[in-house]
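Here's the structure, in structure tokens; my notes come after.
2 protein chains.
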Amino acid sequence: MTNISSIDGKKFRKALGSFATGVTVVTTRGTDGEDVGLTANSFNSVSLDPPMVLWSLDKKSSSLDAFTHSNHFAVHILSLEQEKVSNQFAKSDSDRFAGIEVERGVENVPLLSGCSARFECRTTYRYEGGDHVIFVGEVVSFESFDRAPLVFHSGKYGLLLKKADNEVIDSGWDFGDDFLGFQLRRAYFQLMAPLRVDIQRRGLSEIHRSILSILSMGDGRGRAELERLLELTGHRAANEHFQDLVAQGLITLQAGVEGGQVYFTAAGRQSALENMAMSKAAEEDAMQGLDANEVRLLKVLLGRVIRNTRSSLPDSLGKDKFWRENNVWGAPGTIQS
Amino acid sequence: MTNISSIDGKKFRKALGSFATGVTVVTTRGTDGEDVGLTANSFNSVSLDPPMVLWSLDKKSSSLDAFTHSNHFAVHILSLEQEKVSNQFAKSDSDRFAGIEVERGVENVPLLSGCSARFECRTTYRYEGGDHVIFVGEVVSFESFDRAPLVFHSGKYGLLLKKADNEVIDSGWDFGDDFLGFQLRRAYFQLMAPLRVDIQRRGLSEIHRSILSILSMGDGRGRAELERLLELTGHRAANEHFQDLVAQGLITLQAGVEGGQVYFTAAGRQSALENMAMSKAAEEDAMQGLDANEVRLLKVLLGRVIRNTRSSLPDSLGKDKFWRENNVWGAPGTIQS
Chain A
1 MTNISSIDGK KFRKALGSFA TGVTVVTTRG TDGEDVGLTA NSFNSVSLDP
51 PMVLWSLDKK SSSLDAFTHS NHFAVHILSL EQEKVSNQFA KSDSDRFAGI
101 EVERGVENVP LLSGCSARFE CRTTYRYEGG DHVIFVGEVV SFESFDRAPL
151 VFHSGKYGLL LKKADNEVID SGWDFGDDFL GFQLRRAYFQ LMAPLRVDIQ
201 RRGLSEIHRS ILSILSMGDG RGRAELERLL ELTGHRAANE HFQDLVAQGL
251 ITLQAGVEGG QVYFTAAGRQ SALENMAMSK AAEEDAMQGL DANEVRLLKV
301 LLGRVIRNTR SSLPDSLGKD KFWRENNVWG APGTIQS
Chain B
1 MTNISSIDGK KFRKALGSFA TGVTVVTTRG TDGEDVGLTA NSFNSVSLDP
51 PMVLWSLDKK SSSLDAFTHS NHFAVHILSL EQEKVSNQFA KSDSDRFAGI
101 EVERGVENVP LLSGCSARFE CRTTYRYEGG DHVIFVGEVV SFESFDRAPL
151 VFHSGKYGLL LKKADNEVID SGWDFGDDFL GFQLRRAYFQ LMAPLRVDIQ
201 RRGLSEIHRS ILSILSMGDG RGRAELERLL ELTGHRAANE HFQDLVAQGL
251 ITLQAGVEGG QVYFTAAGRQ SALENMAMSK AAEEDAMQGL DANEVRLLKV
301 LLGRVIRNTR SSLPDSLGKD KFWRENNVWG APGTIQS
């Protein structure tokens with residue numbers, strides 16, 4: 001153990017930071033009728049009957065006076081969407097209420113909206129707590145909203161994933177079923193299964209689908225370019241694949257340099273649109289079991305894997321360009337990196 | 001706002017639960033020299049100079065006596081791996097220290113290991129807090145460990161993902177670049193890019209690789225079975241693909257029913273092993289940018305997508321059976337569902 005007298009506060013703060021907390025904004029009405037508020041994560045529940053909560057305020061805080069003289073305060077538990085609100089009320093030199101719409105609670109205490117919960121309190125005790133004052137308030141009224149929480153840990157904001165019942169969280173990492181590549185492949189494969197069935201029903205294969213998908217980002221491409229893009233996904237397009245699509249009335253081939261150009265027919269374009277709509281429907285189905293927060297977490301993490309493995313793409317093609325052009329699910333736009 | 005006198009405690013507890021917290025176990029030495037401990041999430045920091053922390057204890061708790069008469073207590077901030085410890089110290093009718101190895105701190109207060117941080121405290125104040133007592137302690141020594149935190153929110157444990165600097169967390173969901181299917185495809189594609197390059201260098205395609213991968217889970221399979229498994233991944237294996245592999249000395253074909261059997265040659269088996277090793281290396285590379293907690297989160301979320309989309313697999317083949325057999329990356333074992 002580190003003896004406290006021999007070390008600086010930095011290490012102590014770091015140790016305290018390993019306790020995760022929500023983030024609150026505590027507000028009151030100042031002696032001159034001004035709105036006062038600050039970001040605090042020292043909030044906690046105290047008592048159920050009577051209902052009481054507490055939080056601590058630095059004795060050096062410019063807001064101490066207002067909270068000491070007011071008999072009421074409000075605590076807002078911030079939601080995931082309120083990171084900006086948290087930052088705004090943590091700044092020392094700004095009008096913290098700038099651009100923020102407030103309602104009025106008991107004794108005109110300002111109330112913020114958009115939070116996960118808020119509590120209006122009557123100050124019951126002010127306790128000595130070293131360089132802080134501990135405010136204990138009896139809750140006179142409260143509201144609760146179903147919003148994902150803003151979480152703070154080790155000096156950073158975080159996203160919270162609630163564990164499902166009986167969900168096993170392994171700390172180990174092995175190359176079993178939860179091998180990352182296997183999971184990615186399986187998730188992708190299952191997600192896209194309905195589309196694959198459709199393709200097969202039409203007598204087409206993965207290669208045919210890839211050709212159509214690349215074309216749906218803009219047709220008139222050269223055969224040589226198409227073949228090069230297909231190779232990157234591990235497909236070797238043979239002449240027969242193009243001929244199959246011609247035979248189905250989906251594309252036309254025009255003679256020219258580098259193997260000529262490939263164009264959609266009207267039927268081909270229609271088919272590509274239907275494929276895109278099916279993709280979207282398949283993804284919406286897959287996400288029904290995930291809540292908005294989980295989808296967000298998954299997107300953030302996949303984004304990191306994508307950035308980490310980005311260097312594996314051949315430079316020659318232009319990495320972003322390749323992905324924009326070879327986006328088989330018709331999702332145009334810029335790739336964030 | 002809900003007026004507190006008109007509602008029951010359940011709603012109030014729910015509102016309080018929207019404030020995320022870490023989880024602690026607070027311990028002390030009882031008057032008869034017995035070890036006393038309990039799970040609490042009402043912990044928080046109070047003061048930096050002097051260093052002080054606080055937590056609240058129900059006046060009805062059987063541990064109240066011990067904490068009231070002892071002048072010291074220890075707070076352990078639990079790590080993600082200590083969910084069981086949290087549960088054990090939250091039970092009312094068990095020997096909470098059963099199977100738990102303790103060290104001894106100041107005044108023989110029991111100290112647990114495996115936590116993210118622990119604080120030894122001298123009780124400074126015991127404050128009135130409705131149906132709870134607020135214990136404020138001066139920290140006399142502490143230790144901090146680099147372990148992911150156990151987090152509690154809305155009555156459930158959670159996993160925390162720290163936001164990276166400048167990471168944009170969209171609350172909206174659209175079918176742009178962060179379309180789930182696109183992200184899964186891109187992550188998988190990039191992760192596996194080194195293997196694809198290897199396959200292409202050997203003049204083989206995705207279909208060839210799939211044939212070899214399925215065989216690596218056990219060769220001697222019938223041609224008909226292989227073709228059926230390949231179709232599920234969107235591949236139509238033609239006779240030429242098998243002949244290509246024979247020409248490369250990787251497989252042999254034996255005549256028989258349903259198209260005959262396919263076997264590895266010694267060189268083919270060696271090649272499959274090398275492919276598996278390359279897969280593992282590629283995944284390790286991809287995960288270098290993710291910490292253990294992020295990998296864990298990603299695995300949990302992909303697991304949910306996989307379960308959600310499970311129904312898209314054709315029943316006829318046996319869903320688990322298919323995945324065990326068609327596990328192209330050589331990851332045997334049971335699929336958790």
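Chains A and B, in that order, are what the protein sequence lines are. Using this note's numbering, count along the first sequence one by one with no gaps and you end on 337. Using this note's numbering, count along the second sequence one by one with no gaps and you end on 337. Just so it is clear, CB atoms sit at the ideal spot from N, CA and C, and this is done for glycine as well. Remember, it's a predicted structure, so these values are computed and weren't measured experimentally.
Min CB distance residue i to chain A below 9 Å
i	result
PRO51 of chain B	yes
GLY33 of chain B	no
LEU48 of chain B	yes
GLY90 of chain B	In the sequence under discussion, the amino acid at residue 90 of chain B is Ala, which differs from the Gly named in the question. Not an interface residue.
HIS235 of chain B	yes
THR309 of chain B	yes
SER316 of chain B	With a pLDDT of 37 at SER316 of chain B, under the threshold of 50, the modelled position of this residue cannot be trusted, and the question is left open.
ARG147 of chain B	yes
ALA193 of chain B	yes
PHE73 of chain B	no
PHE175 of chain B	Bear in mind that a pLDDT of 37 at PHE175 of chain B, under 50, signals an unreliable position, so the model cannot answer this.
PHE242 of chain B	no
THR123 of chain B	no
VAL102 of chain B	no
PHE119 of chain B	yes
Beta carbon proximity, residue i to chain B, threshold 9 Å
i	result
HIS153 of chain A	yes
ARG29 of chain A	no
ASN41 of chain A	yes
ALA15 of chain A	yes
LYS11 of chain A	yes
ASP170 of chain A	Below a pLDDT of 50, predicted positions are generally treated as unreliable, and ASP170 of chain A, at 48, falls in that range; the measurement from the model is reported next regardless. Closer than 9 Å to some Cβ of chain B, the Cβ of ASP170 of chain A qualifies, so yes.
PHE67 of chain A	no
GLU143 of chain A	yes
VAL85 of chain A	no
Beta-bridge pairing of residue i - partner residues as DSSP gives them
i	result
ALA74 of chain A	A:THR27 and A:GLU120
GLY289 of chain A	For GLY289 of chain A, which the question treats as bridged, DSSP gives no partner whatsoever.
ALA40 of chain A	A:THR24
PRO51 of chain A	A:LEU48
LEU57 of chain A	A:VAL133
ASP35 of chain A	A:ARG29
SER79 of chain B	B:PRO149
Chain-ordered chain A contacts of residue i [CB-CB under 9 Å]
i	result
VAL136 of chain B	TYR127, GLU128, GLY129, GLY130 and ILE134
SER116 of chain B	ALA15, SER18 and PHE19
ASN44 of chain B	LEU16, PHE19, THR21, ASN41, SER42, PHE43, ASN44, LEU54, TRP55 and SER56
Interface partners of residue i on chain B, CB under 7 Å
i	result
LYS156 of chain A	LYS162 and LYS163
Selection from the options that minimises the alpha carbon distance to residue i
i	options	result
ILE338 of chain B	B:PRO51, B:ASN308, B:VAL26 and B:MET278	In this structure chain B extends from 1 to 337, so residue 338 of chain B is not present and cannot be described.
HIS208 of chain A	A:GLN183, A:GLN243 and A:LYS156	A:GLN243
TYR188 of chain A	A:ALA90, A:HIS69 and A:SER279	A:SER279
SER62 of chain A	A:PRO50, A:VAL85 and A:ARG96	A:ARG96
VAL36 of chain A	A:MET192, A:GLY289 and A:LEU112	A:LEU112
SER210 of chain B	B:GLY220, B:VAL133 and B:LEU230	B:LEU230
HIS72 of chain B	B:VAL102, B:GLY137 and B:ASN87	B:GLY137
LEU80 of chain A	A:THR309, A:ILE306, A:VAL305 and A:LEU297	A:LEU297
GLU294 of chain A	B:LYS299, B:ALA282, B:ASP291 and B:HIS241	B:LYS299
VAL257 of chain A	A:GLU284, A:TYR263, A:ALA238 and A:ALA224	A:ALA224
THR28 of chain A	A:PHE43, A:SER86 and A:GLU107	A:GLU107
SER18 of chain A	B:ILE134, B:LEU250, B:PHE119 and B:LYS59	B:PHE119
ASP65 of chain A	A:PHE89, A:SER47 and A:ASP32	A:ASP32
Proximity test, residue i beta-carbon vs the ligand MN heavy atom, cut-off 8 Å
i	result
HIS76 of chain A	Ligands displayed in this structure: none; no statement on the ligand MN is therefore possible.
Interface residues of chain A facing residue i [CB-CB closer than 8 Å]
i	result
ILE306 of chain B	GLN183, ARG186, ALA187 and GLN190
Interface residues of chain B facing residue i [CB-CB closer than 8 Å]
i	result
LEU301 of chain A	LEU161, LEU290, GLU294, LEU297, LEU298 and LEU301
Within chain B, the residues that residue i reaches when beta carbons sit closer than 9 Å
i	result
GLU225 of chain A	Ordered by position in chain B, no residue passes the 9 Å Cβ test against GLU225 of chain A, which lies about 17 Å from the chain.
Amino acids of chain A, ordered along the chain, whose beta-carbon sits closer than 7 Å to that of residue i
i	result
GLN82 of chain B	In chain order: nothing, as chain A lies at least about 11 Å away.
MET287 of chain B	LEU180
ILE77 of chain B	SER18 and PHE19
SER279 of chain B	GLY181
At which residue ranges does the region 99 to 180 of chain B contain complete beta strand (DSSP E) runs of 3 or more residues, listed in the order of the chain? Qualifying beta strand (DSSP E) stretches, in chain order: 117 to 129, 132 to 144, 151 to 153 and 156 to 162.
Relative to chain D, which residues along the region 244 to 275 of chain B have a C-beta separation below 9 Å, given in chain order? No chain D is part of this structure, whose protein chains are labelled A and B.
In the region 198 to 274 of chain A, which residue ranges form an unbroken beta strand (DSSP E) of at least 3 residues, counting only runs that do not cross its ends? Runs found: 251 to 254 and 261 to 264.
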